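Residue numbers (the numbering used here): 12 to 189.
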């Protein structure tokens, strides 16, 4: 007897399916799927959230000096001519950044092994590559999801049965973050 459900798929297909569903669950907060898939996704998602809760405050705030290109009123880079060549003008700016300690960095990398990259496309400018933005799911886990579950020992997701699927009669459920 195996320690997990095989879901009628090869190992690579199963891993891809579970990774995709865990990513969508953490991005949207809830998904609709079959009961057996939900139970497997629940195990993975609870593990990632527990990791985020454990390491959420393990960082240092560091001040760094960064060179930022100067921009004009239209948002284009300001250029000046030096020795007959156009060069971008840079300003030095002080920024505060969060630097992960080794344990949090390791947790972030463990999360990235499971989660797929997510690209958000705004509805008003759909179809334009320029307006898309990449979502940092480990950052979302550490900053938005983990603080909600600090005083909780496990049980970060719930399954609500919604009835049988019309086509094949499989039990469908809503899997959501508590």
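Cβ coordinates follow ideal geometry from the N, Cα and C atoms, glycine included.
None of these values were measured; they are calculated from a predicted model.
*asked:* Pop quiz: residue 46 and residue 29 are said to be a contact at Cβ under 8 Å. What is the actual Cβ separation, rounded to whole angstroms?
replied: Not confirmed; about 14 Å, so no contact.
*To the nearest angstrom, how far is it from the Cα of residue 56 to the Cα of residue 144?*
24 Å
*asked:* Check whether the segment 157 to 176 and the segment 69 to 88 touch, using three or more Cβ-Cβ pairs below 8 Å as the test.
replied: no
*Which residues in the same chain have their Cβ closer than 8 Å to the Cβ of residue 31, if we skip the five residues on either side of it in sequence?*
127
*Identify every residue that forms a DSSP beta bridge with residue 176.*
For residue 176, which the question treats as bridged, DSSP gives no partner whatsoever.
*What distance in whole Å lies between the Cβ atoms of residue 67 and residue 153, which are believed to be in contact at a cut-off of 8 Å?*
5 Å
*asked:* As a quick exercise: from 20, 42, 182, pick the residue whose alpha carbon is nearest that of residue 188.
replied: 42
*At which residues does the alpha helix (DSSP H) containing residue 34 begin and terminate?*
22 to 39
*residue 133: which of 146, 123, 121, 174 sits nearest, CA to CA?*
146
*Between which two residues does the alpha helix (DSSP H) containing residue 52 stretch?*
46 to 66
*Residues near residue 215 by beta carbon distance below 6 Å, same chain, minus five either side*: The question about residue 215 has no answer here: the residues shown for the chain are numbered 12 through 189.
*Determine the direct distance from the alpha carbon of residue 16 to that of residue 25, and round the result to whole angstroms.*
9 Å
_Quick check on residue 53: buried or exposed, where buried means 16 or more other Cβ atoms within 10 Å of its Cβ?_
buried
_Can you check which of these residues, 100, 61, 186, 85, is closest to residue 157 by C-alpha distance?_
61
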